[in-house]
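Shown next, in structure tokens, is the structure this report addresses.
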Amino acid sequence: MSDTAAAQPSEIRTRQRVKKDAMMSIEQVSKEFDGTYAVDSVSLEIYSGEIFALLGASGSGKSTLLRMLAGFEQPTSGRIRLDGEDLTGMPPYKRPINMMFQSYALFPHMTVEQNLAFGLRQDRLPRHEIKSRVARMLDMVQMSKYARRKPHQLSGGQRQRVALARSLAKQPKMLLLDEPMGALDKKLRTRMQLEVVDILESVGVTCVMVTHDQEEAMTMADRIAIMDEGRIEQIGSPIDVYESPKNRMVAEFIGSVNIIPAHIEADEEDHMVLSAADLPVPIYIGHGVSSGIDDRDMLFAIRPEKTILCTEKPDGEYNWAQGTVSDIAYLGGHSVYHVRLDSGLVVQTVLANTERRTPRPTWEDVVWVSWDSDSGVVLRN
Amino acid sequence: MRRIDLSRIPGARWGIISSPYLWMLLFFLLPFAIVARISVAEAQFSIPPYSALFNWAADRLTIEISFANFQWLMEDDTYFRAYWQSIRIAFYSTLMCIAIGYPVAYTIAKAPPSVQPTLLLLILLPSWTSFLIRVYAWMGLLSNRGLINQALVGLGITDGPIQMLNTNFAVYVGVVYAYLPFMILPLYANLVKHDNTLLEAASDLGARKIITFLRITLPLSKNGLIAGSMLVFIPVVGEYVIPELLGGRQTLMIGKVLWQEFFNNRDWPMAGALALVMILILLVPILIFMRVQQKELEGRR
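Note that the protein sequences, when read in sequence, are chains F and D.
Take the first sequence: its letters are residues 619 to 999, numbered as in our numbering.
Take the second sequence: its letters are residues 15 to 315, numbered as in our numbering.
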């Protein structure tokens with residue numbers, strides 16, 4: 619945790635089923651494509667029973683990592699172990715891991731039933747066993763009525779259920795989800811996210827998912843790994859990565875954030891004071907950054923929803939800024955205000971629309987933005 | 015720029031829709047009707063060498079129809095054997111084209127996209143030379159003094175030349191060689207569209223490569239296989255040039271028999287009857303082909 623300037627151990631409320639034993643360990647795994655590293659010595663552990671999300675922009679290496687877990691790609695170096703067994707070099711068809719593909723990859727020439735039975739037939743299970751398991755899986759995803767349909771006769775959401783059922787039919791030790799909601803429209807997406815989590819929990823399967831959608835990762839996952847340029851920037855619970863980002867990349871990738879360059883004036887055990895050229899008053903933070911940092915030029919990061927927009931000048935000698943409203947985005951439940959400070963820096967702040975049609979600050983109004991001493995974090999530059 | 019609104023031109027809509035039908039009517043249906051009519055006429059030593067198609071005399075239209083040709087066709091087993099051999103040769107050639115063409119099409123479809131056009135070009139390149147010249151080239155290769163036999167004798171593998179030209183073997187070589195692109199191209203067009211993630215999904219679900227091929231790739235390429243098979247089978251049944259030039263006396267294909275009836279015997283009605291029966295025989299696979307195509311169009315949606 620050397621990067622952490624503001625180490626605030628958050629209360630991780632992992633689900634009960636998550637045991638803290640590493641089911642899969644990924645050790646120093648790298649993947650090189652034509653001289654560039656898509657995945658760059660990644661090490662992490664997946665606990666049994668958890669839903670683990672690899673979150674990153676496209677090209678961050680998250681899909682390549684997932685494909686190495688499935689066995690479609692072989693790591694250039696490093697090891698992947700599952701329950702102590704070395705999977706590295708094992709072909710996909712021998713791994714006790716199944717994957718739900720982004721495109722679902724349902725076999726178009728087979729019915730729903732046949733799709734589900736495909737994996738079971740490879741295990742040479744007796745016919746009645748296959749039949750009863752397929753029926754059970756179909757029942758679980760509420761697709762029994764559609765057993766005889768071909769994939770092209772199903773809607774997007776139905777296809778996803780079939781794909782999920784197919785990937786769970788073999789009772790894999792680990793389930794991989796590649797952009798599970800990528801092919802659905804937004805309304806259906808939110809519904810299916812919770813539904814899929816419910817199914818995964820009822821089955822109790824360990825799950826690694828890849829997504830570029832932070833909302834999806836935060837809704838579904840117990841822990842999230844943020845990836846950038848083949849490296850893991852931070853691993854933690856959704857609260858961890860949102861409230862205590864390790865660095866600027868993580869802070870900016872998850873949600874929106876105001877980043878203000880600041881200089882450490884005082885760093886005590888119970889508080890610290892920073893000065894910022896963009897702000898008229900210093901920043902006061904209610905905790906110290908212990909680790910002896912030589913570099914005193916830092917970044918102060920604060921989320922818009924943790925700032926308060928007011929029309930009068932706040933009291934106090936710390937933690938506020940003055941500016942004019944340059945942009946307003948009215949989003950219904952809340953409005954996002956862009957406030958241009960005198961220095962030219964634009965900060966975002968959120969105003970909850972708790973009342974209907976009350977007078978609110980408008981364009982070019984002079985406003986103040988203030989925050990509490992524990993609302994922001996200090997990041998290394 | 016002013017756009018021309020076709021719907022304002024009177025008859026434009028009708029003209030556009032009807033022109034392919036008109037074409038079919040003029041160059042397919044009408045000649046076919048004439049052939050059909052001639053097939054039920056009688057052969058004569060005259061110009062044209064068949065009995066009048068209709069008679070107009072004393073305000074009476076007489077059309078004489080004779081089924082003698084068809085009857086003869088049933089009775090003489092030469093024709094039956096010719097049909098049968100044509101179908102057999104076409105069938106086995108189609109199988110051979112599949113056996114050779116499938117791996118070729120599969121390899122091209124799996125090749126890196128940048129080299130695929132080059133590989134396809136190599137398949138098509140021979141057809142830039144005249145078909146006839148390529149068949150003559152095979153004569154040069156297969157004849158007793160040809161390249162292959164000279165090499166075999168020269169290397170001491172055989173004592174004397176092996177009779178290859180003017181045998182059914184030569185016909186198969188020529189037919190498979192000439193029609194292979196017609197198998198490869200539709201198969202390639204089908205295989206190249208296959209979604210690679212389906213193969214990954216099969217592998218992920220525990221299927222080895224051979225199972226994945228048999229249960230995913232092969233069934234999904236069914237339509238390509240059928241299209242290719244029709245494109246080979248149908249023209250090979252009526253093939254004339256290859257059996258004429260490469261085949262021997264044992265080779266009795268319907269195209270050759272038809273030619274003999276038409277030119278040697280100058281029996282146009284018999285030739286017409288032969289052609290008509292051949293079309294009826296081929297109608298079955300053609301209908302299957304069309305149904306499959308229709309299904310594929312519907313499947314794509």
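Quick reminder that beta carbons are idealized off the backbone N, C-alpha and C, glycines included.
Check the Cβ of residue i against every Cβ in chain F and list those closer than 8 angstroms, keeping chain order.
i: Ser128 (chain D); result: In chain order: nothing, as chain F lies at least about 15 angstroms away.
i: Pro233 (chain D); result: His727
i: Ile225 (chain D); result: Gln740
Determine whether the Cβ of residue i lies closer than 7 angstroms to any Cβ atom of chain F.
i: Ser157 (chain D); result: no
i: Gly238 (chain D); result: no
Closer than 7 angstroms, CB to CB, is residue i near chain D or not?
i: Thr717 (chain F); result: Before going further, note that residue 717 (chain F) is Met rather than Thr in the sequence given. Answer yes: the Cβ-Cβ gap between Met717 (chain F) and chain D drops below 7 angstroms somewhere.
i: Ala723 (chain F); result: yes
i: His727 (chain F); result: yes
i: Gly994 (chain F); result: no
i: Phe736 (chain F); result: yes
So which residues on chain D does residue i lean against when the C-beta distance must stay under 7 angstroms?
i: Phe670 (chain F); result: Those within 7 angstroms of Phe670 (chain F) in chain D number zero; the least Cβ separation is about 19 angstroms.
Check this for me: beta carbons of residue i and residue j, under 7 angstroms apart or not?
i: Ala919 (chain F); j: Ile882 (chain F); result: no
i: Met197 (chain D); j: Val246 (chain D); result: yes
i: Leu212 (chain D); j: Ile230 (chain D); result: yes
i: Leu793 (chain F); j: Asn716 (chain F); result: yes
i: Asp658 (chain F); j: Arg866 (chain F); result: no
i: Leu684 (chain F); j: Val828 (chain F); result: yes
i: Pro879 (chain F); j: Lys791 (chain F); result: no
i: Met761 (chain F); j: Ala787 (chain F); result: no
i: Val251 (chain D); j: Ser107 (chain D); result: no
i: Ile248 (chain D); j: Leu194 (chain D); result: no
i: Arg766 (chain F); j: Thr729 (chain F); result: yes
i: Ala781 (chain F); j: Met718 (chain F); result: yes
i: Ser235 (chain D); j: Asn278 (chain D); result: no
i: Gln832 (chain F); j: Ile872 (chain F); result: yes
i: Val271 (chain D); j: Ala96 (chain D); result: yes
i: Tyr202 (chain D); j: Ile122 (chain D); result: yes
i: Ala192 (chain D); j: Leu156 (chain D); result: no
i: Leu700 (chain F); j: Met642 (chain F); result: yes
i: Asn999 (chain F); j: Asp896 (chain F); result: no
Within 10 angstroms of its Cβ, does residue i collect 16 or more other Cβ (buried), or is it exposed?
i: Lys931 (chain F); result: exposed
i: Pro709 (chain F); result: exposed
i: Trp152 (chain D); result: buried
i: Asp846 (chain F); result: buried
i: Leu260 (chain D); result: buried
i: Trp70 (chain D); result: exposed
i: Thr682 (chain F); result: buried
i: Leu199 (chain D); result: buried
i: Trp28 (chain D); result: exposed
i: Ile669 (chain F); result: buried
i: Tyr35 (chain D); result: exposed
i: Met88 (chain D); result: exposed
i: Met38 (chain D); result: exposed
i: Tyr860 (chain F); result: buried
i: Ala745 (chain F); result: For clarity, residue 745 (chain F) is Arg in the given sequence; the question names Ala instead. Exposed is the call here.
Please compile the residues from chain F whose C-beta is within a distance smaller than 7 angstroms of the C-beta of residue i.
i: Ala221 (chain D); result: Tyr711, Gln740
i: Thr211 (chain D); result: Phe719, Ser721, Ala723
i: Ile230 (chain D); result: Phe725
Which whole-angstrom value describes the C-beta separation of residue i and residue j, a residue pair presumed to lie in contact below a C-beta threshold of 8 angstroms?
i: Asn971 (chain F); j: Ser944 (chain F); result: Incorrect: roughly 19 angstroms between the Cβ atoms, too far for contact.
i: Leu927 (chain F); j: Thr967 (chain F); result: 5 angstroms
i: Trp981 (chain F); j: Trp938 (chain F); result: Incorrect: roughly 21 angstroms between the Cβ atoms, too far for contact.
i: Tyr955 (chain F); j: Pro979 (chain F); result: 7 angstroms
i: Thr942 (chain F); j: Asp983 (chain F); result: 7 angstroms
i: Asn83 (chain D); j: Ser53 (chain D); result: 6 angstroms
Run down chain D in chain order and give the residues with a C-beta less than 9 angstroms from the C-beta of residue i.
i: Phe690 (chain F); result: Glu214, Ser217, Asp218
Going along chain D in order, which residues have a C-beta closer than 8 angstroms to the C-beta of residue i?
i: Lys788 (chain F); result: Leu219, Gly220
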